[in-house]
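Right, one structure below, let's go through it.
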Amino acid sequence: MELMLCKLTQHKLDGLIIPDVTHEITIFASFAGYPLIVVPLGFNKSNDEPYGLMFAGTAWSESILLRIAHGFEQAFSVRNTVRPKYAEQHGYILQLLFKIIEFLKKLKLI
Numbered sequence: 153m154e155l156m157l158c159k160l161t162q163h164k165l166d167g168l169i170i171p172d173v174t175h176e177i178t179i180f181a182s183f184a185g186y187p188l189i190v191v192p193l194g195f196n197k198s199n200d201e202p203y204g205l206m207f208a209g210t211a212w213s214e215s216i217l218l219r220i221a222h223g224f225e226q227a228f229s230v231r232n233t234v235r236p237k238y239a240e241q242h243g244y245i246l247q248l249l250f251k252i253i254e255f256l257k258k259l260k261l262i
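Numbering-wise (this note's numbering), the sequence shown opens with residue 153 and increments by one.
Here you go:
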């Protein structure tokens, strides 16, 4: 979590984008006082398990994260449309991350 705070501060970022592949980070973020929000991306085709993209911020940055998450959902509309195979998930998320970065640049958030 210290690394996360360091990167946010060093690069003057409002938030970080983290693939929602592990839930352990939520425990550490909770203890550190860092807010997280997950935007749904779809469901795993093999077991129908949901997955998403996580945005993390510094303490008291909930309003910024809510704006980012809302903007992402409005721009990408992937909530019920994405159902890649489990093996394809990570590649898809990386492609989506590049689109998100461009979107955040347009909003002048990065």
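Note that the Cβ used here is the ideal one computed from N, Cα and C, for glycine as well.
Using CA coordinates, which residue listed in the options is at the minimum distance from residue i?
{"i": "residue 250", "options": "171, 163, 159 and 166", "result": "171"}
{"i": "residue 252", "options": "168, 163, 155 and 212", "result": "168"}
{"i": "residue 180", "options": "211, 257, 218 and 219", "result": "211"}
From which residue to which residue does the alpha helix (DSSP H) around residue i run?
{"i": "residue 221", "result": "214 to 228"}
Can you grab the Cα-Cα spacing for the pair residue i / residue j, in whole Å?
{"i": "residue 158", "j": "residue 192", "result": "27 angstroms"}
{"i": "residue 225", "j": "residue 213", "result": "19 angstroms"}
{"i": "residue 199", "j": "residue 221", "result": "26 angstroms"}
{"i": "residue 216", "j": "residue 187", "result": "10 angstroms"}
{"i": "residue 234", "j": "residue 163", "result": "Because the pLDDT of residue 234 is 48, which lies under 50, any placement of that residue in the model is unreliable, and the question is left without a value."}
{"i": "residue 155", "j": "residue 246", "result": "21 angstroms"}
{"i": "residue 185", "j": "residue 161", "result": "15 angstroms"}
{"i": "residue 259", "j": "residue 177", "result": "27 angstroms"}
{"i": "residue 201", "j": "residue 257", "result": "31 angstroms"}
{"i": "residue 175", "j": "residue 219", "result": "22 angstroms"}
So, are the CB atoms of residue i and residue j less than 8 angstroms apart?
{"i": "residue 190", "j": "residue 206", "result": "yes"}
{"i": "residue 194", "j": "residue 203", "result": "yes"}
{"i": "residue 261", "j": "residue 166", "result": "yes"}
{"i": "residue 227", "j": "residue 255", "result": "yes"}
So the beta strand (DSSP E) residue i belongs to, where does it begin and stop?
{"i": "residue 208", "result": "202 to 208"}
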